[in-house]
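In the working numbering, the protein residues as written are 312 to 858.
In this text, a Cβ means the ideal position worked out from N, Cα and C, and glycines have one as well.
No experiment lies behind these values; they were computed from the predicted model shown.
Notes follow once the structure below has been shown.
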Ligand code: ADP
């Protein structure tokens, strides 16, 4: 027998209309590429999204067409999210930090029909002029006064002219909630980027999950500043979850340095934020150097790479900010786990709490997880065994765009994350490594993430990476690569002394190398493939002695 409830489709257009109706005065504030701060309400945003949807129709956009954005976090980008998906087309967000060849590859792979571009990113597209095979229109996200006087690209359209040519009498179409809504390519540290194709249903369900009290739990009292870009897994779902909760949004534009972010936090009274660890390293350093305190921020979600305990502690002690450590993947919309306290943990001593927060957290309802060994056998969730992490759930991909990368999906409906982790009885997950980064020493595994997290707690260390270096006896041994803090002269011996007693003896790095900077991927993760390449001829001091 089937239930007798309405089969009302879950659609992205409903989010903006909901916020416009019930949170009509709540503001969206943006630092614009042109310079000034722009502010308007959810109602204004909805009106302009409807107008833009009409303009898209006039440009011939149909259901399922891919419409790309090459843009920073701002109100026009926000309107495009709703106008495109709300029309039944697919909003393809492109990461401008990718190599130009990769951008050309994904535009052609997605067969993008229109590209919306921020004025300061236009040169990127101009350089690709002869490589964009399917693009019919390029819309520059600005007004007439700021349009470039000349461009190598013919027939550029002006965003504000498109919008102002329309009225807002527009009914959002109704369609199946499983219709594709947006497309995001993973940054592809190996091989070509692969497209993750989200649906309206998965996006709405993910927004509910984000808004649970044990997750980000936005309320209409919040002002949310996503430092995480709108091209990185849809800014982790914030542009959808915020209107669902009626939370205000503050978009940082192209300026994500410590000073600019700090200024917006304070001037706009931001209560909650989200971003990758490198952004926060920079912000904390800025606060230290300038004697500043985060007065208004209450919580921040940090993920994308492991968050060291020292960062969690610093946020709490210096700024009274609670770090929610999250883990996720583009393929998971992206939220998988989040570290907020459960019953009995609120009263724990601070240091114990920091230890819990340094774990990647517990799955949110809707995400199922298991770990398996290399033969695919289930491993216990006992906090000791570690293995390959598999996940499933209604906002997790079941295949990549155009059927690529099938090996990641099991026949019985699980997705291979490529991460190696432990799960414990309380449900906490601890990531050991990406499976390709784990260091294999004498048949045992050493977690590069654990060593990196420890290293950044050592005085004088700004950033650290650990990679495996070939070793005649042990197969691989860890090499610790360090960027010193400005003005620091921390030595190999001091770092190793700091490690002494904090890890098992056989985990001790065999050597320490110092560099001026570490390579990062387009989404801010350590680029280990490049480091392995840079250090491929490195000989560990222990190799000759073959200890
Ligand atoms: P990319 O940045 O490569 O486009 P994702 O953002 O989807 O792709 O990256 C997902 C991966 O990032 C995860 O599989 C995991 O390895 C890593 N990751 C994400 N969050 C964390 C975390 N909190 N701790 C450790 N690793 C993390």
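Mind checking whether the beta-carbon of residue i lies closer than 7 angstroms to any heavy atom of the ligand ADP?
i           : result
residue 761 : no
residue 737 : no
residue 832 : yes
residue 567 : no
residue 745 : yes
residue 538 : no
residue 730 : yes
residue 638 : yes
residue 544 : yes
residue 616 : yes
residue 670 : no
residue 645 : yes
residue 362 : no
residue 816 : no
residue 337 : no
residue 841 : no
residue 620 : no
residue 836 : yes
residue 641 : yes
Keeping to the same chain, check which residues put their C-beta closer than 7 angstroms to that of residue i; ignore five residues upstream and five downstream.
i           : result
residue 628 : none
residue 741 : 670, 671, 732 and 733
residue 716 : 505
residue 745 : 729 and 730
residue 554 : 326, 327, 329, 330 and 353
residue 503 : 416
residue 481 : 361, 364 and 365
I think residue i touches residue j, with their Cβ atoms under 8 angstroms apart; what is that distance to the nearest whole Å?
i           : j           : result
residue 403 : residue 382 : About 12 angstroms separates the two Cβ atoms, so there is no contact after all.
residue 544 : residue 495 : 6 angstroms
residue 835 : residue 619 : With a Cβ gap of about 15 angstroms, residue 835 and residue 619 do not count as contacting.
residue 451 : residue 423 : Not quite, the Cβ-Cβ distance comes to about 16 angstroms (not below 8 angstroms), so this is no contact.
residue 408 : residue 833 : 4 angstroms
residue 646 : residue 547 : 7 angstroms
residue 401 : residue 493 : 6 angstroms
residue 397 : residue 324 : 3 angstroms
What number of angstroms, rounded off, separates the C-alpha of residue i from the C-alpha of residue j?
i           : j           : result
residue 322 : residue 395 : 12 angstroms
residue 453 : residue 341 : 13 angstroms
residue 707 : residue 804 : 45 angstroms
residue 624 : residue 611 : 13 angstroms
residue 872 : residue 820 : The structure shown does not extend to residue 872, since the chain is modelled only from 312 through 858, so no value can be given for it.
residue 807 : residue 854 : 18 angstroms
residue 775 : residue 581 : 30 angstroms
residue 399 : residue 825 : 51 angstroms
residue 430 : residue 822 : 46 angstroms
residue 845 : residue 427 : 37 angstroms
residue 722 : residue 643 : 18 angstroms
residue 858 : residue 784 : Residue confidence is low: residue 858 scores 48 on pLDDT, short of 50, so the model does not pin down where it sits. Its coordinate-derived value is still stated next. Each residue's Cα considered, the two are about 7 angstroms apart.
residue 661 : residue 635 : 15 angstroms
residue 761 : residue 614 : 15 angstroms
residue 773 : residue 567 : 19 angstroms
residue 778 : residue 851 : 12 angstroms
residue 788 : residue 829 : 20 angstroms
residue 800 : residue 515 : 50 angstroms
residue 303 : residue 814 : With the chain covering only 312 through 858, there is no way to say anything about residue 303.
residue 736 : residue 719 : 27 angstroms
residue 372 : residue 449 : 13 angstroms
residue 795 : residue 849 : 20 angstroms
residue 656 : residue 664 : 7 angstroms
residue 369 : residue 465 : 19 angstroms
residue 531 : residue 709 : 34 angstroms
Note down, in chain order, each residue of its chain lying with its Cβ closer than 8 angstroms to the Cβ of residue i, except the 5 sequence neighbours on either side.
i           : result
residue 754 : 786
residue 320 : 485, 486, 487, 488, 511 and 512
residue 603 : 573 and 597
residue 632 : 605, 608, 609, 610, 611 and 626
Under 8 angstroms between the Cβ atoms of residue i and residue j?
i           : j           : result
residue 527 : residue 583 : yes
residue 648 : residue 674 : yes
residue 684 : residue 698 : yes
residue 522 : residue 552 : yes
residue 730 : residue 839 : no
residue 443 : residue 418 : yes
residue 405 : residue 439 : no
residue 520 : residue 676 : yes
Cutting at 6 angstroms between CB atoms, please list the residues of its own chain near residue i, excluding the five before and the five after it.
i           : result
residue 609 : 582
residue 550 : 389 and 392
residue 586 : 538 and 539
residue 696 : 690
residue 331 : 353, 354 and 357
residue 559 : 337, 338 and 534
May I ask you to check if the CB of residue i is nearer than 7 angstroms to at least one heavy atom of the ligand HEM?
i           : result
residue 497 : The model depicted lacks the ligand HEM and carries the ligand ADP instead.
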